[in-house]
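S.K.:
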Amino acid sequence: MQPAGKRVLSGIQPSGTLHLGNYFGAIQQHIELQATHDCFFFIANYHTLTTLQDAKRLRQLTFDVAADYLALGLDPNRALIFRQTDVPEVCELAWILSTVTGMGLLERAHSYKDKVARGIHASMGLFSYPILMAADILIYGSDLVPVGRDQVQHIEMTQDMAQSFNAAFGTTLLKRPEPRLNASPVVPGVDGQKMSKSYGNTIDIFGDSKDMKKRIMSIKTDSLGVEEPKDPDKCNVFALLKLLASPAETAEWAERYRKGGVGYGEAKKRLHELYEAFFGAKREARAGWAARTGEVEDILATGGRKARAVARELMEKIRDAAGLQTAKQ
Ligand code: ADP
Ligand code: TRP
120 MQPAGKRVLS GIQPSGTLHL GNYFGAIQQH IELQATHDCF FFIANYHTLT
170 TLQDAKRLRQ LTFDVAADYL ALGLDPNRAL IFRQTDVPEV CELAWILSTV
220 TGMGLLERAH SYKDKVARGI HASMGLFSYP ILMAADILIY GSDLVPVGRD
270 QVQHIEMTQD MAQSFNAAFG TTLLKRPEPR LNASPVVPGV DGQKMSKSYG
320 NTIDIFGDSK DMKKRIMSIK TDSLGVEEPK DPDKCNVFAL LKLLASPAET
370 AEWAERYRKG GVGYGEAKKR LHELYEAFFG AKREARAGWA ARTGEVEDIL
420 ATGGRKARAV ARELMEKIRD AAGLQTAKQ
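Quick note on numbering: my numbering labels position 182 of the sequence shown as 301, and the sequence is numbered without any gaps.
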């Protein structure tokens with residue numbers, strides 16, 4: 120049964136192995152929302168070409184994201200999961216949006232500036248990334264876009280682009296989407312910066328248990344001794360612990376931190392246990408999906424077909440509103 124309600128859409132790039140930032144910033148909301156909303160989730164492989172130009176690896180990572188979502192509880196009978204490339208109309212809409220979008224809007228994008236500062240090639244694709252993202256959102260008439268805080272500016276830019284298109288062509292075809300954030304919109308990495316595939320500071324959702332233990336034990340902390348009182352809100356270990364522990368356990372850790380007498384090593388060990396209990400339990404399901412490549416492909420293909428049908432309907436109206444004619448095929 121397809122849940123009624125608002126349309127939710129989100130995308131995730133297959134640009135690396137998914138990590139706890141992706142999970143607690145975005146994926147957890149996606150899985151929850153499938154029970155109450157009409158959900159469209161896609162693997163943003165066109166976007167990934169801006170940072171990864173390796174066909175074999177892109178194909179593998181695209182499959183991996185699908186298998187990760189399925190293992191984490193995405194139910195293809197309730198939500199669509201598909202590849203961005205199965206709806207090529209998004210590229211057409213991106214072109215149309217680019218004609219109503221000022222350069223100034225794109226020049227203000229933090230994400231572009233951050234990526235260039237980190238040495239990523241400043242290609243046209245990287246610069247116009249937010250336009251393709253706007254097309255992804257607008258083409259399905261999305262109401263809500265569940266993402267981490269770093270993506271909010273892109274959604275605000277999408278709102279501007281929808282308005283510019285509607286104003287230019289005297290229409291209301293493009294619907295204004297709203298971002299939706301989780302309670303913990305920025306998850307820190309082991310070095311205390313935002314956890315990100317491109318910073319080498321991740322704890323992976325389905326990482327090798329021993330490697331992940333090492334990474335957890337390497338989380339950066341201050342050098343306060345065991346007996347000294349500590350501020351839980353300034354501690355990277357606590358920030359991660361509270362994502363996995365029950366509210367009662369979190370409150371207990373906060374109190375122990377403030378009192379003193381707890382060492383960071385002990386907190387890290389508990390964090391590793393909680394990580395194993397939560398994600399370790401899903402490893403078997405992940406391995407199961409990895410072995411059923413045909414089934415994963417069918418799920419993606421079916422999702423893509425359904426999403427494309429929705430996109431095509433709106434695209435016809437958009438072309439018409441803009442005076443773009445095409446011959447009947
Ligand atoms: P990355 O920074 O690792 O490349 P993406 O840009 O592919 O991650 O992000 C995919 C989704 O996960 C987005 O909705 C993004 O906001 C969210 N996300 C990524 N990293 C974090 C984080 N450290 N904290 C919260 N959300 C995050
Ligand atoms: N830019 C997003 C990210 O890096 C991925 C993305 C592409 C997306 N298109 C989208 C997210 C549309 C939400 C909606 O995380």
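Glycine included, every Cβ here is placed at the ideal spot set by N, Cα and C.
Decide if residue 212 is buried, meaning its Cβ has at least 16 other Cβ atoms within 10 Å, or exposed.
M.R.: buried
S.K.: Per DSSP, which residues does residue 265 bridge with? Please list them.
M.R.: 299
S.K.: Over what stretch of residues does the alpha helix (DSSP H) that includes residue 217 continue unbroken?
M.R.: 208–217
S.K.: Leaving out five residues on either side along the sequence, give the residues of the same chain with a beta carbon under 7 Å from the beta carbon of residue 184.
M.R.: 131, 133, 137, 162
S.K.: For residue 376, decide whether its Cβ has a neighbour in chain D, counting only Cβ atoms nearer than 8 Å.
M.R.: This model lacks chain D altogether, as it is built from one protein chain only.
S.K.: Could you spell out the range, first to last residue, of the alpha helix (DSSP H) harbouring residue 286?
M.R.: 271–288
S.K.: Within 8 Å, do at least three Cβ pairs link the stretch 422–432 to the stretch 201–218?
M.R.: yes
S.K.: Which class does residue 193 belong to by DSSP, given the choice of helix, strand or coil?
M.R.: coil
S.K.: Helix, strand or coil for residue 294? Go by DSSP, reduced to three states.
M.R.: coil
S.K.: According to DSSP, simplified to helix, strand and coil, what is residue 435?
M.R.: helix
S.K.: With DSSP as the reference, please indicate the residues paired to residue 199 in a beta bridge.
M.R.: 159
S.K.: Hey, how far is the Cα of residue 309 from the Cα of residue 192?
M.R.: 26 Å
S.K.: Taking 6 Å as the limit between beta carbons, can you name the residues of its chain near residue 125, skipping five residues before and five after?
M.R.: 156, 262, 263
S.K.: Going by DSSP, what residue range makes up the alpha helix (DSSP H) through residue 250?
M.R.: Annotation: the continuous alpha helix (DSSP H) that includes residue 250 extends over 248–257.
S.K.: Give me, in chain order, the residues of the same chain whose beta-carbon lies closer than 6 Å to that of residue 199; leave out the 5 immediate sequence neighbours on both sides.
M.R.: The answer, listed in chain order, is 159, 422, 425, 426.
S.K.: In three-state DSSP terms, what is residue 348?
M.R.: coil
S.K.: Tell me which residue opens and which closes the beta strand (DSSP E) that residue 171 is part of.
M.R.: From DSSP, residue 171 is part of no beta strand (DSSP E); its letter is neither H nor E.
S.K.: Expressed to the nearest angstrom, what Euclidean distance is found between the alpha-carbon atoms of residue 139 and residue 406?
M.R.: 19 Å
S.K.: Does ligand 1 have even one heavy atom less than 7 Å from the beta-carbon of residue 269?
M.R.: yes
S.K.: By the three-class DSSP mapping on this structure, what secondary structure does residue 205 have?
M.R.: Residue 205 falls in the helix class under three-state DSSP.
S.K.: Going by CA-CA distance only, name the one from 287, 202, 291, 142 that's closest to residue 255.
M.R.: 202
S.K.: Can you have a look at residue 121 and say buried or exposed, based on whether 16 or more other CB atoms are within 10 angstroms of its CB?
M.R.: Summary for residue 121: the model assigns pLDDT 49, below 50, so the residue's position carries little reliability, and this model does not support an answer.
S.K.: Could you give the residue range of the beta strand (DSSP E) that holds residue 131?
M.R.: That run of the beta strand (DSSP E) goes 126–131.
S.K.: Can you tell me whether residue 330 is helix, strand or coil according to DSSP?
M.R.: Note: residue 330 maps to helix in three-state DSSP.
S.K.: Could you compute how far the alpha carbon of residue 393 sits from the alpha carbon of residue 368?
M.R.: 11 Å
S.K.: On the criterion of 16 or more Cβ atoms from any shown chain inside 10 Å, does residue 172 qualify as buried, or is it exposed?
M.R.: With fewer than 16 other Cβ atoms inside 10 Å of its own Cβ, residue 172 counts as exposed.
S.K.: Would you give the residue range spanned by the alpha helix (DSSP H) that residue 220 belongs to?
M.R.: Neither: residue 220 is in no alpha helix (DSSP H) and is coded neither H nor E.
S.K.: Does DSSP put residue 304 in a helix, a strand or coil?
M.R.: coil
S.K.: If you follow the alpha helix (DSSP H) that residue 411 is part of, which residue opens it and which one closes it?
M.R.: Per DSSP, residue 411 belongs to no alpha helix (DSSP H) and is neither H nor E.
S.K.: Pick out whichever of 168, 241, 257, 240 has its Cα sitting closest to the Cα of residue 128.
M.R.: Per the Cα distances, 257.
S.K.: With three or more beta-carbon pairs closer than 8 Å as the criterion, would you say the stretch 341–357 touches the stretch 315–333?
M.R.: no
S.K.: Can you give me the Cβ contacts of residue 239 inside the same chain, cut-off strictly under 7 Å, excluding the 5 residues immediately before and after it?
M.R.: 170, 245
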